[in-house]
Amino acid sequence: MFSPRVKTGALMLEGLNALATTIYFSYLYFYMRDRFGFTNLENLSLAALNGLVYSIAVWFAGKFAQTRGYFFALRLGFGTMAVATGIAGLAQSVPGHIGAALLCSLGMSLTWPTLEAIVSEHESPARLKHLLGVYNVVWAVCGGAAYFMGGALIEQWGHTSIFLVPSTIHFAQVLLTIRLAPAVNPPHPIPVARAPAPPHGEGLASEAERLRSPQPPRRFLQMAWVANPFCYIAINAMLPVIPKIAERFSLGPMLAGFFCSTWFFARTLGFVLLWHWDGWHYRFRWLLSAYVLMVLAFLGVLIGRQLWLLIAAQVVFGLAVALAYYSSLFYSMDVGETKGEHGGFHEAALGAGTCTGPAVGALSLRFFPQHTDMHAWVVAGLLMAGMLWLLALRYVSPPRSA
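Right under this line is the structure:
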């Protein structure tokens, strides 16, 4: 069992991780555009490759942390990312930057599930529900702040800053992890990735909340596990093309960071609201409405031609993806799944989303290069297929037993 000091330190590591990874992986697309002339096709392809590596690596990351211990996994993960971003700061070629990005993805696969496990381990349902809210808000705020200031870093200190600042942060994380590591650090099993379960099979929702729908709680878990990866498809099909969206509105890196970070902060607001309001628990209409709004907002961001529409669509998008992500966390904990295969499925599904979205977008641009908005419509079509999957789970699957 970890002490409150260690758990507080894990939250600090989480915030630093969100800062560093958001600066590097988000503004890498600006760098590749400006330095090597990358178009949407190349940036989407790079994002898909990173997502593929992460989705594969995370299958092994949990087992590695189980075998070698949480804090060893964190030190190795943060150290790998520090080296990778440092290499990126020195790289002068496309293969060098791609190799550094993939190495950073490998290191990152060791960090997020392990941090979540440390924060949530051996907590009562009430305390775990509180920590869930704190954890979400911390990484969301830090990720939003990183995107907001990332463009200013480029304009003030040059493109090298998006490599050296994350590298410095990751090195500081290694030092902090060494300070936090308990004297005795036996291996600990990784609970459900991004959704650890409470002890003794206890749930977080009241019985009245679980009876709001004729569908059993496990069905809501399945629906959330469908909705959340599809939201990651949308997110990762959007981020690589932000540099081109910025060009559409004649925004430099700093203004792009200011205007295009709106959805990050909207997601944070969504996490705060969902943390303190339980009216969405076990109500399918909230999940479905959020999903539909996410698809519409995705199109608004990618094909909108007015700046006000870009801002408004981002607000809707951030609130919608917040509900899908929180649903996956909440229902996984409430149902109480702790089996390793479920944890692996959940994290790999998210990784698959980070790969599939940009891969589909890249393929659409590869075969229809004359249609610059084709990737938006093709990915939206894929998202609509996800909505049909949700509807099938809700209305085709049998309800709970009498």
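Numbering-wise, our numbering comes out as the position in the sequence shown, counting from 1, plus 24. Note that CB positions come from ideal geometry on N, CA and C, so glycine has one too.
| query | What are the boundary residues of the alpha helix (DSSP H) that includes F49? | reply | 28-60
| field | Where P215 sits in the DSSP three-state scheme | value | Unreliable positioning characterises P215 in this predicted model, as indicated by a pLDDT of 46, which lies under 50. The coordinate reading is nonetheless provided below. DSSP places P215 in coil when its eight states are reduced to three.
| said: Taking 6 Å as the limit between beta carbons, can you name the residues of its chain near G101, skipping five residues before and five after? | reply: G131, L134, T135
| Assuming L35 and Y159 make a contact with CB atoms under 8 Å, what is their CB distance in whole Å? | 7 Å
| field | Limits of the unbroken alpha helix (DSSP H) element including E233 | value | 231-234
| Under a Cβ-count criterion, where at least 16 other Cβ atoms within 10 Å of its own Cβ denotes burial, should I259 be classed as buried or exposed? | buried
| said: What does the alpha-carbon distance come out to for the pair V41 and T63? | reply: Here the sequence assigns Asn to residue 41, which means Val is not the residue at that position. The straight-line gap from Cα to Cα measures roughly 28 Å.
| Cutoff 7 Å; reference G375; Cβ partners in own chain excluding five residues on either side | G75, Y78, S79, V82
| Own chain residues within Cβ distance below 6 Å of E365, not counting five before or after | Its pLDDT being 41, under 50, E365 is placed unreliably by the model, and the measurement read from it follows with that caveat. None.
| query | Hey, quick one: how far does the alpha helix (DSSP H) through V296 stretch, first residue to last? | reply | 286-300
| query | Just checking my contact of T138 with L200 at CB under 8 Å: how many whole Å lie between their CB atoms? | reply | At roughly 14 Å, the Cβ-Cβ gap does not stay under 8 Å, so T138 and L200 are not in contact.
| task | Could I get the ranges of all uninterrupted alpha helix (DSSP H) runs contained in the segment 135-211, with 4 residues as the minimum, in chain order? | result | 136-144, 149-181, 185-204
| What's the call for H300, buried or exposed, on a 16-neighbour Cβ count within 10 Å? | exposed
| task | Under 8 Å Cβ to Cβ from F88, same chain only, skipping five residues before and after it: list those, please. | result | A97, L134
| Top-ranked residue by Cα proximity to A141, from A115, M56, R390, L353 | L353
| Where Q116 sits in the DSSP three-state scheme | coil
| said: Beta-carbon within less than 6 Å of D397's beta-carbon, same chain only, minus the 5 sequence neighbours each way: which residues are those? | reply: I327
| request: Compare the Cα-Cα distances from L68 to each of H399, W332, V359 and report the closest residue. | output: H399
| field | Residue closest to R272, alpha-carbon to alpha-carbon, out of V340, V325, A124, G167 | value | V325
| query | DSSP state of G225, grouped into three classes? | reply | With a pLDDT of only 46 at G225, under the threshold of 50, the placement of this residue in the model should not be trusted; the figure read from the coordinates follows. Of the three classes helix, strand and coil, the one that applies to G225 here is helix, per DSSP.
| Who are the Cβ neighbours of E38 in its own chain at under 7 Å, not counting the five residues just before and after it? | L139, Y159, V162, W163
| task | Below 6 Å CB to CB, which residues in the same chain sit around V265 once its five sequence neighbours on both sides are set aside? | result | N64
| Pair within 7 Å by beta-carbon distance, Q239 and P423 | yes
| How many Å lie between L293 and L343 at the Cα? | 7 Å
| query | Relative to the C-alpha of S237, which residue among L177, R309, Y171 is closest? | reply | R309
| message | Three or more C-beta pairs under 8 Å: does that hold for the segment 48-55 against the segment 174-183? | response | yes
| field | Beta-carbon proximity check, V250 vs L414, cutoff 7 Å | value | yes
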